[in-house]
Each structure stands twice: as structure tokens, then as C-alpha cells.
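Below: one structure, written as C-alpha cells.
Protein chains: 2
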Amino acid sequence: MTYQPPVRDYAFILKDLLQLERYANLPAFADASIDVVEQILDEAARFTSEVLAPLNSVGDKQGCHWSPDFTVTTPKGFKEAYRQLVDGGWPGLGADPAYGGQGLPHVVNLAFSEMSSAANMAFSMYPGLTHGAYSAILAGGTQEQKDLYLPKLAAFQWGGTMNLTEPHCGTDLGLLRTKAVPAGDGTYKISGQKIWISGGEQDLTDNIIHLVLARIEGAPAGTRGISLFIVPKFIPDADGNPGVRNSVKCLGLEEKMGIHGNATCVIGHEEATGWLIGEENRGLSIMFVMMNEARIGVGMQGLAQAEAAYQAAAAFAKDRLQGRSLTGPKNPDGPADPIIVHPDIRRMLMDARAIIEGGRAFLFWTALHGDLAHASPDEAVRQKGADYMALLTPVVKAFLTDRGFLVCSDAMQVHGGAGFTEHFPVSQYLRDVRIALIYEGTNGVQALDLVGRKLAVDGGRAVMTFFAELDAFVDENAAEAMTPFTAPLAKAKAELQEATLWLMQNGLANPDNAGAASTDYLHLFGLTALAYMWALAAQTAQAKIAAGATDPIYAQKLTVGRYYMERILPETGGHLAKLKTGAELMMALPAEAF
Amino acid sequence: MTYQPPVRDYAFILKDLLQLERYANLPAFADASIDVVEQILDEAARFTSEVLAPLNSVGDKQGCHWSPDFTVTTPKGFKEAYRQLVDGGWPGLGADPAYGGQGLPHVVNLAFSEMSSAANMAFSMYPGLTHGAYSAILAGGTQEQKDLYLPKLAAFQWGGTMNLTEPHCGTDLGLLRTKAVPAGDGTYKISGQKIWISGGEQDLTDNIIHLVLARIEGAPAGTRGISLFIVPKFIPDADGNPGVRNSVKCLGLEEKMGIHGNATCVIGHEEATGWLIGEENRGLSIMFVMMNEARIGVGMQGLAQAEAAYQAAAAFAKDRLQGRSLTGPKNPDGPADPIIVHPDIRRMLMDARAIIEGGRAFLFWTALHGDLAHASPDEAVRQKGADYMALLTPVVKAFLTDRGFLVCSDAMQVHGGAGFTEHFPVSQYLRDVRIALIYEGTNGVQALDLVGRKLAVDGGRAVMTFFAELDAFVDENAAEAMTPFTAPLAKAKAELQEATLWLMQNGLANPDNAGAASTDYLHLFGLTALAYMWALAAQTAQAKIAAGATDPIYAQKLTVGRYYMERILPETGGHLAKLKTGAELMMALPAEAF
């Protein structure tokens with residue numbers, strides 16, 4: 003069983019639920035008529051399932067190899083697949099037409115990214131990080147820098163990386179030691195060691211553009227003295243082609259639990275030549291452009307691995323004959339029934355669908371707000387889009403990866419003993435997805451970002467708008483057929499609001515209360531957001547059915563949506579009860595007691 | 003940071019909570035005075051932490067190797083460590099003195115097993131399965147079979163295995179095809195292929211005794227035609243020494259996500275000579291002696307890996323400097339505070355302790371009932387012990403492994419990016435522990451065993467006794483100091499009772515309702531059982547403190563216990579709400595819709 007991209011669900015979300023055609027008047031959307039989008043997605047499905055998916059296990063088993071000449075060899079087949087990726091025109095999908103891109107809405111590109119990631123997470127991280135570097139230079143670079151780097155990055159002709167972490171600092175970037183010394187010619191000499199650099203070296207692209215955080219000599223300590231630099235592996239010559247080899251080297255690779263096909267590098271900068279991007283000491287703000295995009299992408303990875311794992315589990319459950327249904331044989335002529343007849347197997351498959359389909363709607367709905375934040379002519383829509391993106395990015399990242407990991411684990415469980423062997427694909431999905439809970443800011447950091455920063459911005463405008471939107475939806479959908487969706491949604495929203503109020507009342511008095519509540523609050527938020535998505539899906543499906551649509555997907559959405567409300571949403575109560583207990587017991591023991 | 007056995011917690015559980023000295027009048031306990039037990043545990047701590055723990059990563063990285071001559075080489079150092087295990091006299095700890103054992107209570111042996119498993123799960127599975135084979139022959143063998151095999155197995159001089167699974171059947175043993183043909187001399191010729199046989203071949207012992215399920219020619223189909231056979235690798239000669247090589251061979255090893263140091267074998271029987279154990283066609287009942295013991299052992303493994311992972315996480319959290327406390331610097335002279343100051347890090351460490359320490363008490367409390375089921379002179383105590391063992395075995399197995407896996411995942415999360423690298427031990431703990439949710443009956447099978455069989459046995463006597471014990475405890479501990487423990491316990495017990503009633507009312511009408519509720523019911527049960535354990539621990543600690551004890555463990559037990567009640571137990575409500583929704587939505591979609 004190889005991964006099959008869920009193109010039908012993309013169509014449901016993009017056409018029916020988000021109704022993309024409403025935005026045909028906006029620049030980015032003008033070239034993205036639904037017909038065009040569907041064609042793109044069909045081709046993307048072919049490319050990812052036929053070219054990338056077959057290399058997933060190869061990458062896991064072979065891994066990347068480092069040589070003492072500081073080169074890295076990617077797994078067999080990756081180079082050819084990368085060539086096909088570039089030649090197929092996939093790189094430019096979401097890039098600015100000014101730099102050779104097709105300028106499609108991010109929400110469309112995201113579908114392609116999800117398919118790529120589900121088919122081969124380790125492979126798709128190479129272009130993923132490249133797109134991040136593209137976005138950072140687009141946001142903070144000079145016109146000269148943009149002209150020099152963006153066309154190459156947009157075309158994935160050159161690779162891009164994020165050089166943040168150092169051995170002694172990751173989350174706390176204020177501690178970083180990599181230093182930058184002005185060379186007198188407008189460039190800087192960058193020296194220091196970076197670790198855990200995904201795609202920091204590889205054999206897929208002609209050049210690699212490192213975006214490097216460093217401290218300019220004499221700059222303030224802490225986060226207010228950090229600048230961002232472009233450090234190309236080969237310094238572009240006068241024609242913009244790779245020229246002199248820069249003194250930035252891969253000193254080794256990390257052995258990891260998963261994503262073996264992606265090179266996780268130790269990168270040494272020895273007076274490497276770098277170019278400042280943006281202002282001195284303001285590097286973090288540009289890096290966060292890249293980081294926020296990456297966080298949405300990581301949430302997507304959690305979902306993507308969950309989808310791939312679910313598909314493997316569903317196929318196994320329909321194929322494996324073992325035991326009889328509790329209500330009498332369903333395959334009486336066979337030696338046993340397929341295990342999908344057992345309720346506990348169904349539970350895991352239905353849980354997976356409720357999380358994946360609801361999570362996908364949430365991901366795309368959020369990304370659409372990101373598109374509107376840039377593209378809408380209406381200032382109120384732009385503001386709401388920007389507010390939602392800021393508020394929801396940590397929820398997308400942490401909730402979808404935490405739950406995606408559990409879906410992968412359940413998918414292994416459906417396989418029984420077979421799942422623990424490397425003969426079936428699900429061990430790789432579980433091992434690969436685990437990093438998504440950690441990188442680009444651990445899920446705990448996301449939770450703290452949500453409660454400590456995002457909630458309070460502009461007097462809580464974003465979260466108030468979100469609550470008002472949910473209230474309005476419940477009010478406007480008072481028909482009895484919607485009650486199984488609106489009643490649980492209203493209850494979850496009330497619990498989330500109660501938790502928000504608790505945070506406002508208790509988080510300021512003792513900031514540890516906010517920290518102690520953060521992860522439960524984020525999960526309560528994610529559960530409520532998915533409840534809203536399922537209510538939207540139900541409204542959409544009911545309207546379609548009322549209009550005569552017979553595609554079984556609509557009835558299935560109503561079933562899976564009600565399952566979500568009854569079988570997953572009741573977890574909100576536990577989160578609320580936990581978070582309201584505060585920090586006291588959590589912090590009571592002295593450190594030595596651990 | 004290497005694993006340090008939690009000897010202080012064993013002392014708290016065995017001496018203070020279970021008060022082992024109460025049983026000094028019973029045969030197995032007579033030689034196990036608390037002083038002797040503490041000496042044994044101290045020595046066990048040294049052996050497991052100094053000999054077994056250093057080989058854990060070696061085993062993971064090297065794995066086992068199969069040769070075309072059908073031999074298997076275990077990782078470097080395992081052979082010498084196994085020799086030390088045998089020479090140290092550890093094997094006989096729990097074995098019958100009639101066969102060379104020391105005859106200590108199972109509950110004492112379990113502490114040694116937990117330390118071994120935490121130090122090196124893959125290694126400790128070799129003696130673990132051997133002890134299972136010992137128990138099966140003790141339960142079902144003839145005196146001649148006992149005399150021949152038990153001394154060798156009790157001394158771990160020979161290894162033992164369980165040969166159950168075949169490529170097309172695992173959970174559903176009724177489908178098995180391995181056949182046994184009477185040879186006319188009282189022996190049988192066994193032919194067939196078995197898979198996933200832990201320790202099926204190795205280089206640690208002089209001989210390997212396979213316990214093999216097979217169908218005697220002409221026996222009924224299904225589970226009523228399955229017999230159990232002893233198939234030695236080398237057929238014992240007249241002196242009981244390994245003689246003629248039997249035609250049972252390891253045909254290859256499985257590649258797995260974890261426990262690489264344990265050889266997971268494909269075993270081919272080609273007219274291998276076997277001896278029937280017990281009656282024809284009654285093999286499953288003896289195998290279940292072995293299986294039930296193994297299930298308790300697997301629950302222990304979940305706990306053991308959680309403990310080891312927690313220790314690694316706690317050490318990392320105290321060592322790693324990153325960021326500042328939300329309430330002001332705690333390490334003002336350093337570049338940053340240790341991450342243990344952050345509430346969300348504490349949350350994960352406290353969750354781990356609440357589950358591990360409560361789970362350990364539950365494991366030992368249950369095992370003590372198992373000992374009393376055999377050793378007590380009081381028939382009522384024996385019956386209660388046997389009832390509890392039967393009822394609680396699936397809860398111990400599934401709850402402790404499901405939660406142990408989550409603890410290992412949180413321990414990785416505490417490590418941040420470091421945890422995903424194989425440079426730190428926590429990836430191995432997470433990969434190793436994952437099998438414990440699957441083998442010896444998946445956790446879903448445990449849940450079905452609980453709701454479909456164990457609840458109803460003898461008119462529900464076991465569960466009624468359990469509820470009555472909890473009620474009595476709450477009544478007898480009405481003092482205000484105990485309210486933070488008894489009030490949540492009473493609430494959880496009421497929810498569990500409500501769920502039990504729901505199952506009685508709805509499970510018979512539609513068996514799928516029982517299946518649909520099973521996993522949530524098992525978790526509700528496990529959460530309630532741990533609440534009882536924490537209430538017992540609190541009662542114990544309060545009595546100790548009142549009597550003047552100053553060891554900080556008692557105050558810590560009160561803190562962690564209250565944390566459990568406030569921060570973990572609220573999950574019961576979600577499980578109750580979910581399970582009461584029944585099977586309808588879960589089973590609504592046709593199989594083709596997945």
C-alpha cells in the first residue's frame with residue numbers, strides 16, 4: 003500500500019468549504035480558478051505518489067552520508083527526484099511572479115506541500131526550507147539581494163537553510179555566540195558552530211544559501227544584539243552563478259530517530275563571508291518571518307504523516323483476517339473477518355479521520371486567512387487575516403503535531419506486531435513525525451507563545467474576534483439538523499472562553515500560572531477550533547445534500563463530524579479542569595527532588 | 003546520565019505501603035524479611051545499573067546478527083553479562099526451591115525485573131521469556147518434564163521461548179496451522195513456521211526450550227484443537243544434557259523499530275521432535291499461564307522504560323540552561339536558568355512521576371494479590387487475590403504501557419532537539435517501549451478481555467469486591483487531611499461504576515457497544531486504580547509523618563499524589579462521556595469508506 007493523496011478531500015475543503023471562487027477578484031487568486039487548482043492537484047498527486055513516495059523507505063534505510071571532504075550524499079534516487087521536482091515546475095507554485103513564480107495562493111501550495119510531505123517527509127524538507135529562505139529574503143532583503151537570490155531559490159535551483167541553533171542554545175537564541183566581524187567592504191566575517199541544520203549540506207542543488215543568526219562584534223548581549231546574514235556556500239560571481247567556495251562547511255551529520263533521508267548537519271563557519279540582511283541587531287524579526295511560515299509547515303507535516311499512517315492502517319485493517327465480529331461473522335466464507343469489523347480498530351481509524359479531516363480544514367482555513375491578510379483589498383479582512391494567522395499559528399503547529407503523532411501511534415497499533423517491524427511503513431511514519439513536535443519551537447514553546455503573547459496582542463482582539471465568529475455561527479445555524487454540531491461547539495467555546503478568562507485573572511498575578519496552563523489551553527483551543535471546522539463541514543455537507551449532491555463524501559462528513567463531537571471533543575473538560583488548578587502543585591517540589 | 007534503580011521507592015511500596023512484614027507467616031514470605039529484601043534490592047540495583055545499563059545502547063546500535071548456519075549472535079557484551087546474571091544467582095529469585103530457586107514472593111522478584119528492564123529491556127527479555135517457559139512447565143508439565151527442564155530453566159542455564167504467532171495469525175490463534183503428528187513413541191513431529199519469536203535463537207545459553215502451539219493431526223479446527231509442545235533445540239540426553247540437535251531453526255531475524263538487542267526470530271519447525279505438555283487440545287490454557295505472567299511483565303516494561311526515560315529527562319532539565327523563569331531569574335549568575343524552572347517542563351516531569359509512582363504501586367499491589375492467591379492460608383484472601391489478578395492483569399498490561407509510552411514521549415519532549423538524536427538515550431526508550439503496547443495481546447485485546455470476559459466472571463464478583471474496597475477506604479478515611487485524596491477517588495469510582503453499569507445494560511444488547519467502549523473503559527479503570535494507589539500512598543505518608551518520620555519522600559508523596567488527583571484524574575470524565583456514546587457512529591461507515 004503506497005500513499006494516495008486525498009485529492010477528494012482537498013476539493014471538498016477548497017471548493018465546498020472555503021469556496022475559493024469567492025476570491026477570484028483578488029490578484030493571487032485570479033489565476034487559480036477551481037478548474038486550474040484541481041488540475042494542479044491531480045498532477046501533484048501523480049508526482050508525489052509516483053516519484054516521491056517510492057523513495058520514502060529508501061531514504062529511511064539508507065540515510066545520508068558524510069565524507070571527510072565535507073560533502074554529503076543523499077539517498078539513492080533523491081537527486082533524480084529532485085531534478086524532476088524542479089523540471090516539473092513545482093517550485094514556483096507559491097512564489098512571486100516577479101521572481102519567476104506562479105504566484106498561486108499559499109492555500110493551494112499547501113496542498114502540494116502536504117502531499118509531498120506525506121509521500122516523503124525527509125525529501126520534502128529540502129525544498130521546504132528553501133522556500134523559507136526565499137520568504138525571509140523576500141521580507142527583509144535589499145532589492146539587490148532579492149534579484150540575486152530569489153529567482154534561484156524560487157526555482158529550487160539553489161537550496162536554503164536556517165542556521166539558528168548552537169550546541170548551547172536553541173530555544174533561547176539570546177545566548178548565541180556565532181560572531182560577525184565587519185570586513186570593511188560591506189561584508190562580514192562569520193565564525194561559529196551551528197547544529198541541527200536541516201539540509202545544511204546535500205548533493206541536490208548547485209548552491210546552498212544559509213541564513214545565519216550571528217552577533218556583530220560589540221552588539222548588545224541577548225536577543226537585541228542578533229543580526230541575520232546571508233552566507234552562500236558558493237559566493238555568487240558577477241553573473242550570479244556559484245563562484246568562490248565560502249568557508250562554511252558541514253562537519254558531520256546527526257544520527258536521529260527519523261527523517262533519515264534529510265541531512266541534519268553540524269555547520270562550521272570559519273570567517274565565512276556573509277551579507278547582512280535587514281538592519282543590524284534586528285535579525286530575529288526577519289528570521290521569524292521564516293519561522294512562522296515554517297511553523298504552519300510543521301503543523302502540516304504532523305497532518306501529512308498522520309494521513310499516510312492512517313491510509314496504511316485502513317488498508318491493513320481491510321486486508322488482515324483475524325477473529326470474528328462480535329455481532330456474528332461478516333466474512334463467513336473466509337477463515338476469519340477482516341479486523342476492520344472490530345469496534346476498537348474502528349475507533350482508531352475514526353479517531354484518525356476526525357483529527358485528520360478536521361485538522362486539514364483548520365490548516366487550510368488558517369492559511370486562507372494568511373492569504374487574505376496580504377491579498378484582500380478590504381482592510382478589515384486583512385487585519386482579521388493577520389490576527390488569525392498570528393493567533394492560530396502556534397495552535398496549528400502544536401495541536402496538529404501532537405495529535406498527528408498519536409494518530410501515527412494508533413496506526414501502528416492497528417497493525418499489531420507487523421507495525422513494529424520495519425517491513426511495514428508505519429514505524430517510519432511514527433519515527434519521522436516525532437521531530438515535528440520539537441523543531442521550529444517545541445510544542446511547549448508554542449503553548450507559551452499562545453498564552454504569553456498571542457492572546458494579549460491588541461487587547462485580545464484576535465481571540466475576541468474568533469469567539470464572536472463562533473457565536474455568530476451558532477446563532478445563524480439554529481436549524482435542528484445542525485444541533486448535533488452547534489451544541490457541542492457552543493459548549494467547547496464556552497469552556498475555552500472560561501479558560502481564557504481564568505488566564506487573564508491568574509496569569510498576571512503569577513506568570514507561572516500561565517505557563518502551567520499553557521499546553522492544556524492550547525489543546526482546548528485546538529479541540530474547539532476543530533469543532534468549528536466540523537460544524538462548518540456539516541453545514542457545507544447539509545447544503546450540498548439538500549441541493550441534490552449524491553457524492554457519498556457529504557454523508558460521510560456528517561458521520562465523521564458527529565463522531566468528532568461525541569468521541570473526541572469531550573476531552574475539553576479534562577483540559578479545563580487541569581489548567582484551572584494553577585501552578586502551585588506543579589512547582590511545589592524543589593529541583594533536587596527530581 | 004545512566005539509569006539508577008529507584009530503590010527508595012521500592013522500600014516505600016514494599017515496607018510502608020504494602021507492609022510485607024504482615025505476611026511473614028506465609029511460606030514464600032518467611033525467607034523474605036524486609037532486611038533481606040532490602041539487601042537483595044541494593045545488590046540488584048548495583049548489578050542492573052553497572053552491568054546491564056551500559057549495554058543498553060550497545061544492543062540498540064549493534065542489534066543481533068543472523069548467519070546462514072542458522073545461528074544468531076547477540077550484541078557485544080551480552081554473553082558476558084548473561085554469565086554474570088547466572089553466576090550472581092539472580093535467576094532463581096522467584097523460582098520454586100524444589101527446582102533450585104529461592105522461592106521469594108513474586109512481588110520481590112518483580113522489583114528486580116523492573117530494574118533489569120529499565121536498565122536494558124532487550125537483554126532482560128531473554129531471561130523474562132525463560133521464566134515464562136518455566137512457569138508453563140511448572141503449571142502443566144508431568145513430574146518427569148518438571149525434573150528434566152525446570153532446574154535448567156530456573157537457573158537460566160537454558161533459555162525458553164513462546165512459539166505462538168504464525169504469519170497469518172497472531173491474535174486469532176484458532177487459525178494456526180503448525181501441525182503435530184504422533185511419532186508412535188510418545189513424541190510428536192512438529193512442522194510449521196512461527197514468527198516474532200523473542201529469543202528464538204541466541205548465543206547465551208546451552209539449550210533453548212521452545213514451547214510451541216500446534217494442532218495434532220485430526221484435531222478440531224479453531225482454538226479447541228490446539229496443543230502445547232516442548233520442542234528443545236537440543237534434545238536432552240540420558241543425563242539431561244543437550245544432546246541431538248532438533249530440526250527447529252531460526253530462518254531469519256525481524257528488523258524492528260526497537261529492542262534491537264533482542265533477537266526476534268522466524269522459527270521453522272521441520273518435523274521437529276516435540277513432547278506434549280498437558281492434555282491434547284488443551285494447550286491454550288497452559289499457554290495462558292505463561293501469557294498472564296507475561297502480561298504483568300509487559301505492564302512492568304511500560305513502567306520501567308518510563309522510569310528510565312523520566313530519569314534522563316529530569317537530569318537534562320536540571321542541567322540544560324535555557325531562558326529565564328517566568329517569575330524572575332533562578333540562576334542569576336549563570337547565562338540562563340535550568341529549564342526545570344519552566345512550568346511546562348515541570349508539567350511533563352510531574353506527570354511522569356504521578357504515573358510512574360502510582361503505576362508502580364498498582365503493579366506491586368496487584369502482584370502481591372497474585373502471591374496471596376497462592377500462599378495465603380485464608381481461602382477468602384486466596385480467592386480475592388485470584389479474582390484481582392484476573393481482573394487487573396489486562397489493566398496493568400494496557401494502562402501502564404499506554405501511559406508509559408506517553409511518559410517516554412514527554413521525556414523526549416523535555417530534551418528538545420537533543421531527544422530526537424541518538425546521542426541521548428531517550429529515543430531508544432521511546433522506540434523500545436512501543437512494542438509493549440502490542441505484544442502479549444495488543445492493548446485493544448486487553449480492553450476486550452476486560453469488558454468481554456473479566457468483568458462478568460462469577461457474576462462480576464471481582465469488580466464488585468474492588469468497588470467495595472474503594473468505598474470502604476473512603477469511609478474509613480474521613481479525616482479532613484485525606485479529603486484531597488478521598489474526594490477525587492470517590493468521584494472517579496462513581497464514574498467507573500456508572501461505566502460498568504452502562505456496559506452491563508448496553509453490552510449484551512449489542513456486543514459492539516462493549517467493544518466500542520472497551521479502551522475508554524480500561525483507561526477509566528486504570529485512572530481510578532491509580533487514584534486508589536495514591537490515596538493509599540497518602541494515608542501511608544500521613545501516618546509516617548504523624549509518627550515523626552522526616553524522610554522527605556513522605557511529603558513528596560503527598561505533593562505528587564495531590565498532583566495526580568488534580569492534574570491527571572480529571573481525564574476520567576472524557577472517557578466516561580466517550581464510552582457512553584456507544585458503537586453506532588463508530589460502526590456507521592461501510593468498510594469501503596476507509
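Sequences listed follow chains A and B, in order. According to the numbering used here, the stretch in the first sequence is residues 3 to 596, in order. According to the numbering used here, the stretch in the second sequence is residues 3 to 596, in order. Virtual Cβ for every residue (Gly too), placed ideally from N, Cα, C.
Sub-8 angstroms separation of A/Leu230 and A/Leu215 beta-carbons: yes
What residues in the segment 162-175 of chain B have a beta carbon less than 9 angstroms from any beta carbon of chain A? Cβ contacts with chain A come from Thr167, His170, Cys171, Gly172, Thr173 and Asp174.
Min CB distance A/Lys128 to chain B below 8 angstroms: Before going on, a small fix: residue 128 of chain A reads as Tyr here, not Lys. Not flagged as an interface residue toward chain B: A/Tyr128, since no C-beta distance is shorter than 8 angstroms.
When we look at the beta-carbon of B/Arg569 and count the other beta-carbons within 10 Å, is it buried (16 or more) or exposed? Buried is the call here.
Could you list which residues in chain A have their beta carbon closer than 7 angstroms to that of B/Thr444, in chain order? Those within 7 angstroms of B/Thr444 in chain A are Gln415 and Gly418.
Neighbour list for A/His525 in chain B, Cβ cutoff strictly below 8 angstroms: Near A/His525 there are no residues of chain B at all, since even the closest Cβ is about 12 angstroms away, more than 8 angstroms.
Please state whether DSSP places A/Ala30 in a helix, a strand or coil. helix
Three-way DSSP call (helix, strand, coil) for B/His133 in this model: Of the three classes helix, strand and coil, the one that applies to B/His133 here is helix, per DSSP.
Figure out for me which residue from B/Asp239, B/Asn209, B/Trp277 and B/Arg322 has the closest Cα to the Cα of B/Thr144. B/Trp277
In chain B, which residues lie with their C-beta within 8 angstroms of the C-beta of A/Gln324? Residues of chain B passing the Cβ test: Cys171, Gly172, Thr173, Asp174 and Leu177.
Beta carbons nearer than 9 angstroms to chain A: which residues of the segment 508-534 of chain B have them? Asn512, Pro513, Asp514, Asn515, Ala516, Gly517, Ala518, Ala519, Ser520, Thr521 and Asp522
Who pairs with A/Ala216 in a beta bridge, going by DSSP? A/Ser229
Hey, A/Ile197 and A/Thr163: beta-carbon distance below 8 angstroms or not? No.
Contact with chain B by A/Glu497, beta-carbon distance below 8 angstroms: no
Going along chain B, which residues have a C-beta under 7 angstroms from A/Gly67? For the sequence presented, residue 67 of chain A should be read as His rather than Gly. Going along chain B, no residue has its Cβ under 7 angstroms from A/His67, so there is no contact; the nearest lies around 16 angstroms.
Between A/Ser115 and chain B, is there a C-beta pair that is closer than 8 angstroms? no
Those runs of the alpha helix (DSSP H) which lie wholly inside the segment 417-487 of chain A and span at least 4 residues: 419-422, 428-435, 445-451 and 463-478
In chain order, what residues of the same chain lie with their CB nearer than 7 angstroms to the CB of A/Val300, ignoring the 5 residues before and after it? Lys399, Thr403, Ala438, Tyr441 and Glu442
Report buried or exposed for B/Glu281, applying the criterion of at least 16 other Cβ atoms within 10 angstroms of its Cβ. exposed
Span separating the alpha-carbon of B/Tyr136 from that of B/Cys66: 24 angstroms
Quick check on the DSSP output: the beta strand (DSSP E) that includes B/Phe14 runs from which residue to which? That residue, B/Phe14, is in no beta strand (DSSP E); it is neither H nor E in DSSP.
Of all the CB atoms in chain B, is at least one closer than 8 angstroms to the CB of A/Ala593? yes
Do we get a CB-CB distance below 8 angstroms when we pair A/Pro572 with the residues of chain B? Interface criterion met: the Cβ of A/Pro572 is under 8 angstroms from a Cβ in chain B.
Determine, for B/Ala449, whether the minimum Cβ-Cβ distance to residues of chain A falls below 8 angstroms. yes
For B/Val459, is the classification buried or exposed, using 16 other Cβ atoms within 10 angstroms of its Cβ as the cut-off for buried? exposed
Interface residues of the segment 348-373 of chain B facing chain A [CB-CB below 7 angstroms]: Arg348, Arg349, Leu351 and Met352
Excluding sequence positions up to five away, which residues of its chain have a Cβ less than 6 angstroms from the Cβ of B/Phe31? Tyr25 and Pro107
Can you list, in chain order, the residues of its chain with a C-beta nearer than 6 angstroms to that of B/Leu574? Leave out the 5 residues immediately preceding and following it. According to the sequence provided, residue 574 of chain B is Thr. The question's Leu does not apply to it. Closer than 6 angstroms at the Cβ level, and outside the excluded window around B/Thr574, lie Ala494, Glu497, Leu526 and Leu529.
Determine, for B/Arg433, whether the minimum Cβ-Cβ distance to residues of chain A falls below 8 angstroms. For B/Arg433, the answer is yes, since a Cβ of chain A falls inside 8 angstroms of its Cβ.
For B/Leu57 and B/Phe80, believed in contact at Cβ under 8 angstroms, the rounded distance: 6 angstroms
Look at the alpha carbon of B/Met588 and the alpha carbon of A/Tyr565, and state the distance between them as a whole number of angstroms. 7 angstroms
Which residues, in chain order, does the segment 181-200 of chain B contribute to contact with chain A at a C-beta distance below 9 angstroms? Ile197 and Trp198
Determine whether the Cβ of A/Gly301 lies closer than 8 angstroms to any Cβ atom of chain B. For A/Gly301, the answer is no, since every Cβ of chain B falls outside 8 angstroms of its Cβ.
Taking the Cβ atom as the reference point for each residue, do B/Ala464 and B/Asp389 lie within a distance shorter than 8 angstroms? yes
Could you list the residues in the segment 303-316 of chain B with a C-beta less than 8 angstroms from some C-beta on chain A, going in chain order? Ala316
Using a Cβ-Cβ cutoff of less than 7 angstroms, which residues in the same chain neighbour A/Asp373 once the five nearest sequence positions on both sides are dropped? Ala30, Pro107, His108 and Val109
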